[in-house]
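Numbering (the numbering used here), first residue to last: 23 to 285.
Presented below is the structure to which this report refers.
The structure is reproduced here in structure tokens:
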């Protein structure tokens, strides 16, 4: 008796199409909305502000590109936001702006096909390190605060954004460091090309904290750098460009291709 040789299943390479940007939200040290950022770029402000008084822990340098005075309740209200870490707060506010800026309307008819892809370096390093410290200095498990555990998970911001805005499609977090946004865009292009979503909220977020400031300072010292640490968030509504035009809508911009390679 003979058997036929095993034939590997053919793999389907998705045909990548241009990505349409149909909405944008942004928060950074020089602006808290896209219009403000566009205006700031014409004057090229430094953006670094005194930061030590904003944090109880010592910093490697007294300034940083920080959103001074940022409070999530000013943008999203008090209810349900008291335990958001800074990364989650920045991501949710930028997502709110992006949804308000787009012609896409998320409702019960399409929310299953609208997802979230968020790029980051390592999520909220402050939340992760503080929760880890709790497990060493407190009696486990009774005195370790369980309410801060969700913030210690890297996909906290993307998950909270999906819950807050009712996005029931694909939800992913891409850890890509300085290439996090590019990696998130490329991944989103694959999702759209394969038909896993019709629209995605795609962006990146980084928070300022004593932990990230020290990590940045030590990393720069190996190369002789001494730039201040920053924070911010940008979120874009991303759709298939052909589908946007077929619906009679005009995109704000198009991304023709995204390729990322790590050496």
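Backbone N, C-alpha and C define an ideal beta-carbon position, used for all residues, glycine too.
Sequence-distant residues of the same chain with beta carbon closer than 7 Å to residue i, five excluded per side
i, result
"residue 143", "197, 199, 202 and 228"
"residue 167", "156"
"residue 263", "39, 40, 41, 42, 273 and 276"
Given residue i as reference, the closest of the options once Cα atoms are compared
i, options, result
"residue 274", "255, 124, 249 and 206", "124"
"residue 253", "70, 101 and 245", "70"
"residue 79", "233, 264 and 62", "233"
"residue 120", "154, 251, 265 and 187", "187"
"residue 207", "278, 68, 94 and 67", "278"
Bounding residues of the alpha helix (DSSP H) (the contiguous stretch that carries residue i)
i, result
"residue 110", "108-123"
"residue 147", "147-159"
"residue 205", "202-215"
"residue 238", "232-243"
"residue 197", "Counting along the chain, residue 197 falls outside any alpha helix (DSSP H), though it belongs to the beta strand (DSSP E) covering 193-197."
Contact under 8 Å by Cβ, residue i with residue j
i, j, result
"residue 299", "residue 151", "Only positions 23 to 285 of the chain appear in the structure, and residue 299 is not among them; the question remains open."
"residue 53", "residue 114", "no"
"residue 38", "residue 231", "no"
"residue 89", "residue 51", "yes"
"residue 226", "residue 256", "yes"
"residue 223", "residue 280", "no"
"residue 63", "residue 48", "no"
"residue 250", "residue 91", "no"
"residue 112", "residue 45", "no"
"residue 205", "residue 282", "yes"
Same chain, Cβ closer than 6 Å to residue i, five either side skipped, listed in chain order
i, result
"residue 192", "137, 213, 218 and 219"
"residue 110", "178, 179 and 182"
"residue 118", "none"
"residue 105", "169"
"residue 82", "235, 236 and 239"
"residue 195", "140, 176, 177 and 180"
Burial state of residue i, where buried means 16 or more other Cβ atoms lie within 10 Å
i, result
"residue 140", "buried"
"residue 185", "exposed"
"residue 171", "exposed"
"residue 73", "buried"
"residue 268", "exposed"
"residue 116", "buried"
"residue 210", "buried"
"residue 148", "buried"
"residue 266", "buried"
"residue 154", "exposed"
Start and end residues, beta strand (DSSP E) containing residue i
i, result
"residue 262", "254-262"
"residue 43", "41-49"
"residue 54", "Segment: none, residue 54 is in no beta strand (DSSP E) and carries neither H nor E."
"residue 141", "136-142"
The ligand NAP heavy atom lying under 7 Å from the CB of residue i
i, result
"residue 54", "This structure does not include the ligand NAP; it has no bound ligands of any sort."
Cβ neighbours of residue i in the same chain (closer than 8 Å, five flanking residues each side left out)
i, result
"residue 189", "128, 133, 136, 137, 138, 183 and 223"
is_contact[residue i, chain D] using C-beta, thresh 8 Å
i, result
"residue 119", "Structure shown: chain D not included; a single protein chain is present."
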